[in-house]
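*Asks:*
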Amino acid sequence: MTVNLGNIRDNCKAMWRCGLSAGQLKAAITPARLLDETGRLVRGASAPDPEALVEGYRKLVFARRLNEQCGALVRQGRLAVYPSSRGQEACQVACASVLADGDWLFPTYRDTAAIAARGVDPVEVLTLLRGDWHCGYDPNEHKVAPQATPLATQLLHAVGVAHAARLKGEDTVVMALCGDGATSEGDFHEACNFAAVFRAPVVFFVQNNKYAISVPLARQSVAPSLAAKAIGYGMPGVRVDGNDLPALEKVLGEAVARARAGEGPTLVEADTYRIESHTNADDASRYRADDEVTEWLPRDPLLRVRTYLTAVGALDDDREQQITAAAEEMAAAVRAGVGAETVADPEELFTHLYSTPTPQLVEQRAALRAELELEEA
Amino acid sequence: MSAPKMTMAQAINAALRDAIAEDDSVVVFGEDVAQLGGVFRVTDGLHQEFGEGRVFDTPLAESGIVGMAVGMAMNGMRPVVEMQFDAFAYPAFEQIVSHVAKLGNRTRGKVRLPIVIRIPYAGGIGGVEHHCDSSEAYYAHTPGLTVVAPATNADAYGLLRAAIASPDPVVFLEPKKHYFAKEEVDVSVPVPPIGRAVARRQGKDATLIAYGPSVPVALAAAEQAATEGRDLGVIDLRSIVPFDDDTVCAEVRKTGRAVVVAEAPGFASVASEIAARVGERCFHHLEAPVRRVTGFDVPYPPPKLEHHFLPGVDRILDAVDTLQWEDAA
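Going down the list, the sequences are from chains F and Z.
Each residue of the first sequence is one higher than the last, beginning at 1 in my numbering.
Each residue of the second sequence is one higher than the last, beginning at 1001 in my numbering.
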C-alpha cells in the first residue's frame, strides 16, 4: 500500500492543532516491525526474549497445523466449511497471548486458531463448522465470545463488556477482532466511537488480510491506512506487520496495558495476507493472481520466527521436532474429536431459546416428538 | 383511599426508578435519556438521582446502543435501553434480530441477555413520518424475543418491572399516545405475568382482540355497541410473545365471533397471526370468519390523514356488523 505522509499531514492539520503528534500519525501508517522478512532483528529493536519467543513459535506451529487439519477435515466431509487463517497465524497467536485470564476475546469466523490459542479445545470450537450447534464452548468459562459470523456486530458487544467492567470497577480488557472488510460496516464505526467516548478498555484488532471474500482492500477504503481511522475517533491507531509475532505481541501488549490503565481503546491494524481462499467453498483464482500470493509466501510468519530463533541458537532440530510432534498430537485429537459420531437432539431446537419456553414452543416440541415417535414405531 | 393518578410516562418512570434502586445491575441508557430525561420525559430525574454510572446518554447510534447492551448483559448487567421512536430503532435491527434474540440459543443457554428495549411506538399523536410506526410484527416474527405492549398505566408499571426482571430479552412497546393520559396506578398491586392476556370487558355477542393503543379504541367500540344492543367483550393481549392462546380462545369460544384490532398494516401482521390462530383453534365454535380491523397497507400517513388510517370505533363496529348475525336467528 502506498502511503503519502505529506497529504495526511495536510488533511489532519486540525488534528495537529489538537495535539496529534507526528509520531502518532506515523504509528498509524507505517507498520511497526521487530523481525524483518528475512528473520533478522530490525535495526535499533530490542531483542525479544528467546524462551518466550520459542513458546510463541510453538503456538504458531499449532495454529498452522490446526488450519491444515481443518482444511483436510473439510475435504473429508467432516466439517461443512472452514475459513482458514493460514498466513495470519502470528495475529491469531498474538491477540490471545497478550490477554490475562479475566480478559475477553471477541473472535470472528476466521479466528478459530486464536480461540484455540486462548486455550479452548479446538474440537469445541469446531462444533459450529461441524454443524452440531452454533457455538460449542461456554463463552463465560473461557471469556471468549461466540465466533461472530455477521461482520463487525461483535465489536459493539466487546465495547459493552468493557464498559460494564469499567462500571463495576474491574480491570478487564477486551480484545475485539475483525477483518479489513468489516471496517466498512456501520457497526465498526459505532463501536470505535462508543469505545472512544466511554474510554472503554477495548483493543480493536483489525487483521487486514487484503480481501473481503473477493473484494480487495482498495474497494473497502481509500484511507491512508485502516489504523489511521482511529484518529477520527480520538484514539490511537497503530499499524503493525501482521506476520511479525514479536512486533504484534509488543504492539497489542501495549494496547492492552493502556486499556487496563484506564486510558481507553486502541485500534491496531495488522498488515497481513490471506494465503488461502475465503473458505474452501471459494475460488480465489477468480479475483486475484497467483503471483500476488507467491509474493507473500516468503513473508510467512512461522518461517520468520524459526529463522530468527535458529540464528540466535534458541531452536535446534530436537526442539523443532518436539514442537512438531506435539502439534501432530493436537491434530490427531482434533481428527478424533471432530470425527466422532455425534447425535444431534432434535428437541434441543426448543430448549435454549427462552429460559422458560413459550406455550407455542412447548406445543411445537410435542408435535416434533410425536413425529419422531411415529418414525421410530 | 384511591391510588394516585399517574400518566403512562410517570408509571414507566416509576418502574425504572424502582428497578434501578432495587438492583445494582440495572442500567438505563440511550439518546437524550440522562440530562433531558428523554424526549417524552420518561426517564425524567433518573440521571440526577442515580448518576452517570446508572443512567447515561450515548452517542446517537441505535445499533451501538443495542450492541453495547448485549455486551453489558454478557458482563452481568441488566440494560434497559431506549429507542427514541419506533422507526428510529431500525438501525438496531441487525443487533436485535441476530444477537439479542439469538445469543441465548446460540450458546445453549450459557449466555442469557436480560435486556429491555423500550420503544415508544404507534401513532395517534399527529407525528411526522418516522415517528408513528407500529413495528411489532418485525419483533414478534423473530424467535427469541419477548414482545410486550401495555395498554394501561398499571400494566406499564407492572409489565416493565417484569420485563426488567426477565432473564430473557424483551421488546417493550410503549403506546406513545398514552404517555400523558392519567389513570389510577397502585404500584403495590401486582399485575398478571408477561404472557397472560386479560379480558378488559366481558361480552356475550362477540370478542374484540386488541393490544397496546388499540385496547382503549376497542373498549370505546364496545361501549358504543352496548348502546346499540350488542354485548362485546374486549381482550387486552398485554404481550404478543408469548401469546396467550388459552385466554383468547376461551373468550372467543364463548361468543363465537371475533374481530382483531391493531394499528399496524394488516398484511402479514400480528393481527393476521391472531386471526389464523383463532381460526385454527376455535373453528367449530365460530359463527363467522374472524375479521381484522387494521391500518391500511400503506406507510404511516402524514398527520392530516392519520385519522383515516387508524382503526376507529366506526370501522370496528362496521366489522362487527359483518359477523353473519343474520345466521344467528
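Every residue, glycine too, gets a C-beta built ideally from N, C-alpha and C.
1. At a CB-CB cut-off below 7 angstroms, which residues of chain Z make contact with Thr153(F)?
2. CA-CA distance, Asp291(F) and Val1147(Z)?
3. Between Asn243(F) and Pro298(F), how many whole angstroms is the CB-CB distance? I'm expecting something under 8 angstroms.
4. My assumption, with CB atoms under 8 angstroms, is that Leu1232(Z) sits in contact with Gly1203(Z). Please give the rounded CB distance.
5. By the three-class DSSP mapping on this structure, what secondary structure does Val1027(Z) have?
6. Of all Cβ atoms in chain Z, is any one closer than 7 angstroms to the Cβ of Gln364(F)?
7. By DSSP, does Phe205(F) sit in helix, in strand, or in coil?
8. Within the continuous beta strand (DSSP E) that includes Lys1102(Z), where are the two ends?
9. Comparing alpha-carbon positions, which option in Pro122(F), Arg130(F), Gly313(F) and Leu151(F) lies nearest Asp138(F)?
10. Could you tell me the distance, in whole angstroms, from the CA atom of Pro1265(Z) to the CA atom of Gly232(F)?
11. Does DSSP put Thr308(F) in a helix, a strand or coil?
12. Specify, as a first and last residue, the run of the beta strand (DSSP E) that Val1185(Z) falls within.
13. Expressed to the nearest angstrom, what Euclidean distance is found between the alpha-carbon atoms of Lys59(F) and Arg199(F)?
14. So the beta strand (DSSP E) Ala1210(Z) belongs to, where does it begin and stop?
15. Within 7 angstroms (strictly less), CB to CB, does Ser1063(Z) reach chain F?
16. Show which residues of chain Z have a CB atom less than 9 angstroms away from the CB atom of Thr266(F).
17. Please report how far the alpha carbon of Val1367(Z) lies from the alpha carbon of Tyr1157(Z), in whole angstroms.
18. Going straight from the alpha carbon of Glu376(F) to that of Glu348(F), what length do you get?
19. Counting only the same chain and skipping the five closest in sequence on each side, list residues whose C-beta sits under 8 angstroms from that of Glu1287(Z).
20. Apart from the five residues just before and just after Ala1009(Z), which ones in its own chain have a Cβ nearer than 7 angstroms to its Cβ?
21. Does DSSP classify Cys70(F) as helix, strand or coil?
22. Whole angstroms is fine: what's the gap from Glu1049(Z)'s alpha carbon to Val1290(Z)'s?
23. Checking the sheet assignment: what are the DSSP bridge partners for Met1006(Z)?
24. Given that a residue counts as buried once 16 or more other Cβ atoms are within 10 Å of its Cβ, and exposed if not, what is Ile1316(Z)?
25. Let me make sure I understand the geometry here. Which of Ala32(F), Lys26(F) and Ala27(F) has the alpha-carbon closest to that of Leu248(F)?
26. Along the alpha helix (DSSP H) that carries Met1074(Z), what are the first and last residues, could you check?
27. Please determine, among Thr108(F), Ala117(F) and Pro107(F), the residue with the shortest C-alpha to C-alpha distance to Val93(F).
28. Please tell me whether Met1083(Z) has its Cβ less than 7 angstroms away from any Cβ of chain F.
29. Which whole-angstrom value is the C-beta distance of Gln53(F) and Pro246(F), which I expect to be below 8 angstroms?
30. Can you list, in chain order, the stretches of the beta strand (DSSP E) that have 3 or more residues and sit fully within the stretch 1193-1246 of chain Z?
31. Helix, strand or coil: which one does DSSP assign to Asn4(F)?
32. Chain F partners of Gly1127(Z), CB-CB under 9 angstroms?
33. Let me confirm a value: His163(F) is counted as buried when at least 16 other C-beta atoms fall within 10 Å, else exposed. Which label applies?
34. Quick one: residues in its chain with C-beta nearer than 6 angstroms to the C-beta of Ala148(F), no 5 flanking neighbours on either side, listed in chain order?
35. Applying the 10 Å Cβ sphere with the 16-neighbour rule, what's the burial state of Phe1267(Z)?
36. Since Ala152(F) contacts Ala191(F) with CB under 8 angstroms, what's their CB separation in whole angstroms?
*Replies:* Answer, in terms of the structure:
1. Gly1067, Glu1094, Gln1095, Ser1098 and His1099
2. 55 angstroms
3. Not a contact, Cβ separation roughly 10 angstroms.
4. So it is a contact: roughly 4 angstroms between Cβ atoms.
5. strand
6. Chain Z, which has no Cβ nearer than 7 angstroms to the Cβ of Gln364(F), makes this no.
7. strand
8. Lys1102(Z) -> no beta strand (DSSP E), and no H or E assigned at all.
9. Pro122(F)
10. 42 angstroms
11. Per the sequence presented here, residue 308(F) reads as Tyr, with Thr not at that position. Note: Tyr308(F) maps to helix in three-state DSSP.
12. Here Val1185(Z) belongs to no beta strand (DSSP E), and DSSP marks it neither H nor E.
13. 32 angstroms
14. Ala1206 to Ala1210
15. yes
16. Listed by position along chain Z, the residues whose Cβ is nearer than 9 angstroms to that of Thr266(F) form an empty set, because the closest Cβ is around 18 angstroms away.
17. Absent from the structure is residue 1367(Z), since the part of chain Z shown begins at 1001 and ends at 1329.
18. 18 angstroms
19. Gly1256, Arg1257, Leu1323, Gln1324, Asp1327 and Ala1328
20. The residues are Phe1040, Arg1041, Val1042, Tyr1179 and Phe1180.
21. helix
22. 49 angstroms
23. Met1006(Z) pairs with Glu1183(Z).
24. Under this definition Ile1316(Z) is a buried residue.
25. Out of Ala32(F), Lys26(F) and Ala27(F), Ala32(F) has the C-alpha closest to the C-alpha of Leu248(F).
26. Glu1062 to Met1074
27. Looking at the Cα atoms, Ala117(F) is the closest of the given residues.
28. no
29. Note that residue 53(F) is Leu in the sequence shown here, rather than Gln. Right, the Cβ-Cβ distance comes to about 6 angstroms (below 8 angstroms), so this counts as a contact.
30. Under the rule that a run must span 3 or more residues, the beta strand (DSSP E) segments found entirely inside the stretch 1193-1246 of chain Z read 1198-1201, 1206-1210, 1232-1236 and 1239-1241.
31. Any reading at Asn4(F) needs caution, since the residue's pLDDT is 43, under 50, leaving its predicted position unreliable; the model's value is listed next. Correct three-state label for Asn4(F): coil.
32. Under the 9 angstroms cutoff, chain F gives no residues; its nearest Cβ is about 26 angstroms from Gly1127(Z).
33. buried
34. Thr108 and Gln154
35. It counts as exposed.
36. 7 angstroms
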